[in-house]
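Take 56 as the starting number for the sequence shown in my numbering and just add one per residue. Here a beta-carbon is modelled for each residue, glycine too, at the ideal position from N, C-alpha and C.
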Amino acid sequence: MTTRRWRSFLCCALIIGSIFGLSASAHAAGAKRCTTAADLGADERIAGCTVVIEHGKPATPQVIEARFARAGAYFRKGDVEHAIDDYKIVIEQSSAGLLAAFDRAAPDLRESEPQPGSGFGRAFGRNGYRAQAYRALGIASFQAGLLEQSHDDFRWLSEIDPHNADAALWLDLARRRAGLPSELADHAKRLDMGKWPAPIVRLFLGQETTEAVLAAADRGAPATRRARRCEASFFAGELMLEQSRERDAMQLIDRALAECPWTSRERSVAESEARALRVMP
């Protein structure tokens, strides 16, 4: 009888161990799919990140990193609502200690950020990780038409880094789309107008032509030129839209779609704008 009980006990232990082993293996596989540098499809990355989120402890660096990656995949897929939900949770749960988590984020997430010339290549000290999430949330909200939220997100970014031209441009776009007066002239006083993307800022202020901005973007190393052409075409196209110049806007947005990487948030917004323009009478 005793031997039989021990056999039953060992059998149960082996089964439980096997279950835990499979769970750990699934978690590891999910983590790899979530943050791998490979160009996975959005659905596969979302599935991998969801495994990490559901099996990890909330507010830990690994889980927050997974939420950030999943939000980016949702955004890439066009599921802006779920992306916004994840970005909000990232902001609520992130803290100064999670800046390192962003530094380990997948290269496809890094690729969607502006180049250092735009300002977000720098760390923001204690607010570094939250700043990245606020920027992403602001762009997602802009695309979803949640202009008040988008405005508030970019206002926050401009306050923590008043010298950041990228934040100033997005804030101005959100204000224009909401029918509010531009404040960019005041923000420009705090920007380094000798560095990129100063030509785009001058374009928004009516001090530069689109042709001159596109020419300025087409300078430097190949990777720098492509990133700047993406930004220049996108922001110039958005400005044309606000000026009701739909035909010119469509040409510039098509240029942005040709230049911006697949993981770029600017590309996602440009795709949304292009769909709307093509159905306009």
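Open item on the list: With H, G and I counted as helix, E and B as strand and the rest as coil, what does DSSP make of P236?
Closed with: By 1-based counting over the sequence shown, the position of residue 236 is 181. In the structure shown, P236 sits in coil (DSSP, three-state: anything other than H, G, I, E or B).
Open item on the list: Does the structure place the segment 238-252 close enough to the segment 217-226 that three or more beta carbon pairs sit under 8 Å?
Closed with: yes
TODO: Using 10 angstroms around the beta-carbon of V334, count the other beta-carbons present and answer buried if the total reaches 16, otherwise exposed.
DONE: The residue labelled residue 334 in the question sits at position 279 within the sequence shown. V334 sits exposed, since fewer than 16 C-beta atoms from the chains shown fall within 10 Å of its C-beta.
- [ ] Measure the Cβ-Cβ separation of D207 and L192 and say whether it is below 7 Å.
- [x] Counted from its first residue, the sequence shown places residue 207 at position 152. Counted from its first residue, the sequence shown places residue 192 at position 137. Going by C-beta atoms, D207 is not nearer than 7 Å to L192.
- [ ] Give the range of the alpha helix (DSSP H) segment to which D94 is assigned.
- [x] Locating residue 94 in the sequence shown gives position 39, where the first residue counts as 1. D94 -> no alpha helix (DSSP H), and no H or E assigned at all.
TODO: Could you tell me whether the Cβ atoms of E263 and P277 are closer together than 7 Å?
DONE: Indexing the sequence shown from 1 puts residue 263 at position 208. Indexing the sequence shown from 1 puts residue 277 at position 222. The answer is no: Cβ separation not under 7 Å.
Task: Whether V145 touches A188 by CB criterion (7 Å) - done: Translated into the one-based positions of the sequence shown, residue 145 becomes position 90. Translated into the one-based positions of the sequence shown, residue 188 becomes position 133. Closer than 7 Å, so yes.
Task: Given 8 Å, three or more beta-carbon pairs between the segment 106-120 and the segment 131-149 - done: With the cut-off at 8 Å, the segment 106-120 and the segment 131-149 touch.
Open item on the list: Please report the straight-line C-alpha distance between R122 and R100, rounded to a whole angstrom.
Closed with: Taking the sequence shown and counting its residues from 1, the one referred to as residue 122 is at position 67. Taking the sequence shown and counting its residues from 1, the one referred to as residue 100 is at position 45. About 11 Å.
Task: S205, enclosing alpha helix (DSSP H) - first and last residue - done: For this step, residue 205 is matched to residue 150 along the sequence shown. S205 -> alpha helix (DSSP H) spans 202-215.
Task: Residue closest to L332, alpha-carbon to alpha-carbon, out of L307, R283, D140 - done: Within the sequence shown, numbered from 1, the residue matching residue 332 stands at position 277. It is L307.
TODO: With a threshold of 16 other CB atoms inside 10 Å of the CB of P316, please say whether the residue is buried or exposed.
DONE: As a working mapping, residue 316 is identified with position 261 in the sequence shown. Per the 10 Å Cβ criterion, exposed.
Open item on the list: Taking its Cβ as the centre, do 16 or more other Cβ atoms sit within 10 Å of D241, making it buried, or is it exposed?
Closed with: Within the sequence shown, residue 241 is the residue found at index 186, counting from 1. With fewer than 16 Cβ atoms within 10 Å of its Cβ, D241 is classed as exposed.
Task: C-alpha gap between D309 and R274, whole angstroms - done: If you number the sequence shown from 1, residue 309 lands on position 254. If you number the sequence shown from 1, residue 274 lands on position 219. Using only the alpha carbons, I get a separation of about 20 Å.
Task: Of the listed residues L294, S213, T279, R232, nearest to L202 (C-alpha basis) - done: Stepping through the sequence shown from its first residue, residue 202 is reached at position 147. Answer by Cα proximity: R232.
Open item on the list: Rounded to whole angstroms, what is the Cα-Cα separation between Q298 and L312?
Closed with: Here residue 298 is taken as the residue at index 243 of the sequence shown, counted from 1. Here residue 312 is taken as the residue at index 257 of the sequence shown, counted from 1. Straight-line Cα distance between these residues: approximately 20 Å.
Open item on the list: Could you compute how far the alpha carbon of A287 sits from the alpha carbon of R330?
Closed with: As a working mapping, residue 287 is identified with position 232 in the sequence shown. As a working mapping, residue 330 is identified with position 275 in the sequence shown. If you take the alpha carbons of A287 and R330, they lie about 20 Å apart.
Task: Cβ separation of A138 and A195, assumed to be a contact under 8 Å, to the nearest whole Å - done: Taking the first residue of the sequence shown as 1, we reach residue 138 at position 83. Taking the first residue of the sequence shown as 1, we reach residue 195 at position 140. Confirmed, Cβ separation roughly 5 Å.
Open item on the list: Could you tell me which whole alpha helix (DSSP H) segments of length 4 or greater appear in the segment 245-296?
Closed with: 253-259, 265-272
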